[in-house]
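Residue numbers (the numbering used here), protein chains in the order written: chain A, 1 to 176; chain B, 1001 to 1577.
Structure, rendered in structure tokens:
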């Protein structure tokens, strides 16, 4: 299947290019444009980005390959990145991961058959204070996870409901 | 003049210098992997650490500040510096591993880190013996590894392109290869992929590393990660001997080294010459080793009743001199060759001159589209300008054909005119054709007499490249009549020196029964009663220098000293792109 940018995408990439004195720095944002459009940056898409920017294919490939948040293969509609790094692990990150594995019927790293969910086990996402947590498709964090909260999240996503940003206040210490 | 103090010695310098290069130019050493003098210095191997500081100068007086003992005060940089991208500055103080324990320790520890995931497969690695990592580990590395867990595994035996194979586990990610494709060959075909300790160089997915200069990455790879698909596992480097030479497959005259084992040329690598090819050579030229080994003409051949038979040297020389005597001088056509050296052309010319024959003619070998503006020119013969400077008549295709029509006896010096479609085999019918050739070809096929001559790997002779630079080859390979043990100009590898004819790795089979052109001319002259006695390329070049004004001042010694000599050529005759 041949990938193509829409007119709007191309316009956006032009705007991005105009921000930098050279084309090379536009690689990262242009890859984001591509990932938003196609849901991934497979080699074919990397080639499209390289052609659009007039950069060497190898360079775009090297950049895309370096960052884990660019999906180098097709993923589900929603990607659940469950943190199992130290803080989350201690607070039950693995329980959440295994619960989701059971619920969705897939192993970590796999995609459900209907293509709705991809489940990943990831390292620290920098939200140790709200452990255990997960991130939805490189975007919103879901914090202080419990099995119920995870179930609720899956239902919401299935129904196509919009997720909300969670505001969590820092603990207030009067003595300081 | 600005001064710099390295290991307690004072040196003066002018202009901009990187400290590592400056130290190297002094003949001293700092270990490094990623630095290459012809490319940018990203300082990512971290091996070339030195301790650097600056003598402090008083702002008011401009004098150096001294402490109570009268020693100059040094302000050390806060951390060790990578010398490859540190610019030399006035009053800079550098301590290398030779004088500073901290530097020594830093280099040792850095090597230990580099070696953590490096496989210990030196015994089967092609790079072993010429491997910077191996050499520097012996010199500067730790005695053993403290790493007890499993090494990172990466892809092995990846055919990156038609000529290059990657073993990612051996890679230390110095990025020399990726920088080569970005900065030198400009194809941008390689990149570093994956993240962290799993990274290695590769092409974009689905793309081949088919850069026409791809094999240079094999040369500059400081480990055995990139290897040549062709040379892989053919020979250990210490079994071969290395002889300087000139690329004869293109007019650019790229400086090369020929690697020989048991009189077979096994590989060709570029040799540094700042005025011609820097450190690089095109992949095309590396195929040339086959010309020296394969399909060679050994012993003279003669056509008897339409059938090719091997002949003796005496017979061949006698036949040719009889033919020359029996043919009317104006009916003899002598075709010189841009594929033969200056000395060979000169020797043939001198002989035909003394006989009173017409001046030799030649036709350049241009293949449009070969040139790339870098190290390949459209002129694919190594010595076109040499023929011009010797004053031969330059003819195009139709000119040569016209001359051949008139001739009854045609002498062709090493030029495959039929193969390159200058003439057809039919045009040579009913004429006596004698060729002096190195390899079997369609041209030698139609000849009545084939006299085998030496290739650039078997004689020391000079070639004038497209830019008018005269450079010479050395003898790399023995013929039936040379012996490297008694010829002090020939290099000897370990096997050459210590092998005997009774070993199973030294054979006579690879020596070709051929002679340098000038010796054949000697014999011909002898048979015709002319006084010519050439002793070798060196003496011939001296004679050329004194008799042909274009070559005045040229000698083997001068060429060796200056890596070739620039001759003045007419601009319009230059086919350089």
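Note that CB positions come from ideal geometry on N, CA and C, so glycine has one too. Quantities reported herein were computed from a predicted structural model and do not represent experimental measurements.
Contact residues within the segment 1168-1198 of chain B, judged by C-beta distance below 7 Å to chain A: 1188, 1189, 1190, 1191, 1192, 1193, 1194, 1195
Per-residue DSSP class, three states only, for residue 1413/B: For the purposes of this step, residue 1413/B is identified with residue 413 of the second chain, where counting begins at 1. Residue 1413/B: strand per DSSP, three-state reduction.
Own chain, CB closer than 6 Å to residue 1202/B, minus 5 neighbours either side, in chain order: In the second chain, the residue the question calls residue 1202/B occupies position 202. Correct list, in chain order: 1193.
Residues of the segment 12-32 of chain A with Cβ closer than 8 Å to any Cβ of chain B, in chain order: Under the 8 Å Cβ criterion, the segment 12-32 of chain A contributes no residue.
Continuous beta strand (DSSP E) stretch holding residue 1302/B: start and end: Mapped onto the second chain, residue 1302/B falls at position 302. Start and end: 1301-1304.
Any chain B beta carbon closer than 8 Å to residue 66/A: Mapped onto the first chain, residue 66/A falls at position 66. Answer yes: the Cβ-Cβ gap between residue 66/A and chain B drops below 8 Å somewhere.
Partner residues on chain B for residue 57/A, Cβ-Cβ distance less than 7 Å: Position 57 of the first chain, counted from the start, is the residue given in the question as residue 57/A. For residue 57/A, the C-beta contacts it makes with chain B under 7 Å involve 1204, 1207, in order along the chain.
Sub-8 Å separation of residue 1052/B and residue 1077/B beta-carbons: Position 52 of the second chain holds residue 1052/B. Position 77 of the second chain holds residue 1077/B. In contact: residue 1052/B and residue 1077/B (Cβ atoms closer than 8 Å).
Residue range of the beta strand (DSSP E) that includes residue 81/A: The residue you call residue 81/A lines up with position 81 of the first chain. Segment 78-83, the beta strand (DSSP E) holding residue 81/A.
Under the three-state DSSP convention, the category residue 1421/B falls into: As a working mapping, residue 1421/B is identified with position 421 in the second chain. Correct three-state label for residue 1421/B: coil.
Pairwise C-alpha distance: residue 1297/B and residue 1050/B: Walking along the second chain from the start, residue 1050/B turns up at place 50. Walking along the second chain from the start, residue 1297/B turns up at place 297. So the alpha carbons of these two residues sit roughly 57 Å apart.
For residue 1135/B, the three-state DSSP class (helix, strand or coil): Numbered from its first residue, the second chain carries residue 1135/B at position 135. Helix.
Beta-carbon separation (whole angstroms), residue 108/A vs residue 121/A, contact threshold 8 Å: Here residue 108/A corresponds to residue number 108 of the first chain, with the count starting at 1. Here residue 121/A corresponds to residue number 121 of the first chain, with the count starting at 1. Yes, residue 108/A and residue 121/A are in contact; Cβ-Cβ is about 4 Å, under 8 Å.
Proximity of residue 101/A and residue 86/A at Cβ, strictly below 8 Å: To locate residue 101/A, count along the first chain from 1; it is residue 101. To locate residue 86/A, count along the first chain from 1; it is residue 86. 8 Å or more divides the Cβ of residue 101/A from the Cβ of residue 86/A.
Partner residues on chain B for residue 43/A, Cβ-Cβ distance less than 7 Å: Here the question's residue 43/A lines up with position 43 in the first chain. 1205, 1206, listed in chain order.
Residue 1307/B classed as buried or exposed, judged by whether at least 16 other C-beta atoms fall within 10 angstroms: Working through the second chain from its first residue, we reach residue 1307/B at position 307. Residue 1307/B should be labelled exposed.
Completely contained beta strand (DSSP E) runs for the segment 81-114 of chain A, where each covers 3 or more residues: none
Beta carbon proximity, residue 40/A to chain B, threshold 8 Å: Walking along the first chain from the start, residue 40/A turns up at place 40. With 8 Å as the cut-off, residue 40/A does not count as an interface residue toward chain B.
Straight-line gap, residue 1138/B to residue 1146/B (C-alpha atoms, nearest Å): Here residue 1138/B refers to the residue found at position 138 of the second chain. Here residue 1146/B refers to the residue found at position 146 of the second chain. Taking the straight line joining both Cα atoms gives about 17 Å.
Neighbour-count burial assignment, residue 1030/B, 16 or more Cβ in a 10 Å radius: Your numbering for residue 1030/B matches position 30 in the second chain. Label assigned to residue 1030/B: buried.
Near the ligand ADP: residue 1097/B beta-carbon under 7 Å from a heavy atom: Absence of the ligand ADP from the depicted structure is noted, as is the absence of any ligand whatsoever, leaving it without description.
C-beta neighbour in chain B for residue 61/A, strict 8 Å: On the first chain, position 61 is the one that residue 61/A refers to. Interface residue, yes.
Best match in 1087/B, 1538/B, 1444/B, 1399/B for proximity to residue 1461/B [C-alpha to C-alpha]: Along the second chain, one-based indexing puts residue 1461/B at 461. The option with the nearest alpha carbon to residue 1461/B is 1538/B.
Pick from 84/A, 57/A, 116/A, 14/A that is closest to residue 33/A, judged by C-alpha positions: Taking the first residue of the first chain as 1, we reach residue 33/A at position 33. Measuring from the Cα of residue 33/A, the nearest candidate turns out to be 14/A.
Residue 18/A in three-state terms, based on DSSP: Your numbering for residue 18/A matches position 18 in the first chain. It is helical.
N- and C-terminal bounds of the alpha helix (DSSP H) containing residue 1352/B: As a first step, residue 1352/B is located in the second chain; it is residue number 352 there, counting from the start. Residues 1342-1355.
Buried versus exposed, by CB contacts within 10 Å (16 or more), residue 1292/B: One-based indexing of the second chain puts residue 1292/B at position 292. So residue 1292/B counts as buried.
First through last residue of the beta strand (DSSP E) which encompasses residue 1019/B: Translated into positions along the second chain, residue 1019/B becomes position 19. Premise fails: residue 1019/B lies in the alpha helix (DSSP H), 1019-1025, not in any beta strand (DSSP E).
Sufficient close CB pairs (3 or more, under 8 Å) joining the segment 1498-1505 of chain B to the segment 1472-1490 of chain B: These segments do not touch.
Inter-residue spacing [alpha-carbon to alpha-carbon] between residue 1258/B and residue 1117/B: As a working mapping, residue 1258/B is identified with position 258 in the second chain. As a working mapping, residue 1117/B is identified with position 117 in the second chain. If I take the Cα positions, the gap works out to 34 Å.
For residue 1203/B: DSSP bridge partner residues: Start at 1 with the first residue of the second chain, and residue 1203/B comes out as number 203. 1190/B, per the DSSP bridge assignment.
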